[in-house]
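Last residue of the sequence shown: 330 (the numbering used here), numbering continuous. All C-beta atoms in this analysis are idealised placements derived from N, C-alpha and C, irrespective of residue type, glycine included. Presented below is the structure to which this report refers.
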Amino acid sequence: MIQLLKEVARGKRGARDLTYDEAVLAAEAILTQEATQAQTGAFFIAERIKMESVDELEAFVRVSRKHARRAEGLGIGLDCAGPYDGRKTSFYATFPTAFLLAAAGLPNALHGTASLPPKWGITLQDIVESVGIPAAGLTPERTLRAFERSGVFFASTEAWCPPLGRLRQIREELGMRTVLNSAEKLLDLGSSPRIVFGVYHNTVFDRLARLFIKLGYEQALIVQGAEGSEDLHINRPTRAYLVENGEFRLQIFDPETYGIEAEPPERTWTPADQLAVAEAVLQGEADLAYTNQVLFNGAVRLHLAGKAESVEQGLYACKALLDGGEAHAAYMSWRTALLEPANAAAAMR
């Protein structure tokens, strides 16, 4: 590890990118905690200054996947990957959108942890805990049971990849973004061929597009969404990169084109508020801006997965599923399964 550190931490002019094989060695040392905390912290800081190469990112993703429990054969069509440092000012449209997609016949995956730096915002796990399940209860078994009933797979990432949990303390102490901020979003715990991936800066579009090609995704949509999330904006155009067939291109998603542009109300969010608004959307009782944002994201994701011939067709399909109550029914099935005591679930088998 010391030799690898010498390569990435020589300063702005002397540092070099690691080869893929070297980066694999570094990732293994860090995830198994063979590297000391000082070495791990130094590596994270050096990479933050230098910026990770595509080979280095791929190595950390593949090694992290190796140390994770990953579900296969579930038919999950889409992985929705937003930032694990959470949100502070925007609505979590991706949460109710997941049940809309499931109702449309597109099983999909969400994932997250307790909040991390640098943003320290509200996370998806915080919202799920507001349903009534403490973090310790978000076991892989509950995830799989709720998915079986609803078509929505929510994973508490540190339960599925324990090495990330063991590295939490050093990440919190550093208080900055590390290479793990990208790797944890790409664990692909549900083994999906497609991903919608949120980014904050458009400067990473090209690098991530090349990474997704190397990782073998059939399709990927890299979205410069709300607070760096995978959620398309509903009050302005959103820049995105579509990656497929070994190529990538810029796309602009403008809600005004579809007549659904709206201005979300300004508000201070709590996890309970996020859950309440998500439930209101699914029940047809939310502010138009939140509802339209869920419809827009649902339509684009259905189109990406080939479940709608166009975004317009996706919008019609999503509205019908909201109005007809199918999306809310999927949510209630997921919620009921999640809250079901483990012994009761075993007795039902």
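In terms of residue numbering, what span does the alpha helix (DSSP H) encompassing I194 cover?
F186 to L196
Is the separation between the beta-carbon of L196 and that of F277 shorter than 7 angstroms?
no
Return helix, strand or coil for T219, following the three-state DSSP convention.
strand
Taking the CB atoms as reference points, tell me whether L283 and A243 lie closer together than 7 angstroms.
no
So what does DSSP say about E228, is it helix, strand or coil?
strand
Quick one, are the C-beta atoms of W315 and I103 less than 7 angstroms apart?
no
Environment of Q205 [buried if 16+ CB atoms lie within 10 Å]
buried
At what residues does the alpha helix (DSSP H) containing I26 begin and finish?
Q18 to K31
I need the boundaries of the alpha helix (DSSP H) containing L320, first residue and last residue.
E307 to L320
Need the endpoints of the alpha helix (DSSP H) that G279 sits in, please.
L269 to L285
In this structure, how does DSSP classify A90 when only helix, strand and coil are distinguished?
strand
Rounded straight-line distance, which links the Cα of Y198 to that of L(-14)
31 angstroms
State the Cα-Cα distance for the pair R330 and L119, rounded to the nearest angstrom.
Because R330 carries a pLDDT of 47, less than 50, the predicted location of this residue cannot be relied on, and the following value inherits that uncertainty. Looking at the two C-alpha atoms, the distance is approximately 20 angstroms.
Are three or more beta carbon pairs between the region 29 to 48 and the region 71 to 88 nearer than 8 angstroms?
no
As an exercise, report each continuous alpha helix (DSSP H) stretch of at least 4 residues that is fully enclosed by the region 55 to 125, in chain order.
75 to 84 and 105 to 112
Q205 - containing alpha helix (DSSP H), residue span
Run containing Q205: none; DSSP gives neither H nor E here.
Residues in the same chain with beta-carbon distance under 6 angstroms from Q232, minus the five sequence neighbours each way, listed in chain order, please.
A221 and L223
I need the boundaries of the alpha helix (DSSP H) containing V(-11), first residue and last residue.
I(-17) to V(-11)
Pop quiz: C142 and S45 are said to be a contact at Cβ under 8 angstroms. What is the actual Cβ separation, rounded to whole angstroms?
6 angstroms
Can the beta-carbon of F128 be found closer than 7 angstroms to that of V109?
no
For E211, the nearest candidate out of F25, F234 and N226 (CA to CA):
F234
Environment of I215 [buried if 16+ CB atoms lie within 10 Å]:
buried
Could you check the C-alpha separation between G171 and S163 for me, to the nearest Å?
17 angstroms
Please work out which residues of its chain come closer than 7 angstroms, Cβ to Cβ, to G132, disregarding the five sequence neighbours upstream and downstream, and give them in chain order.
A83, P88 and A311
Top-ranked residue by Cα proximity to T138, from L161, E247, T219 and R(-6)
L161
Measure the C-alpha to C-alpha separation of R191 and P121 and round it to an integer number of angstroms.
31 angstroms
Measuring CA to CA, which of V281, Q255 and L319 is closest to Y239?
V281
Per DSSP, cross-strand counterpart(s) of R175
Q200
Alpha carbon of Q264 to alpha carbon of R51, nearest angstrom
32 angstroms
Three-state secondary structure assigned by DSSP to V259
For the record, residue 259 in the displayed sequence is Ala; it is not Val. A259 falls in the helix class under three-state DSSP.
Whole-angstrom C-beta distance between Q255 and E225, which should lie under 8 angstroms
Between Q255 and E225 the Cβ distance is about 32 angstroms, and since that is not below 8 angstroms, they are no contact.
Just confirm the distance between the C-beta atoms of P252 and S111, as a whole number of angstroms; I'd bet it's less than 8 angstroms.
5 angstroms
So, is G279 buried or exposed, given that buried needs 16 or more other C-beta atoms within 10 angstroms?
buried
Report the option in L148, Q274, N183 and H92 whose CA atom is closest to the CA atom of L168.
H92
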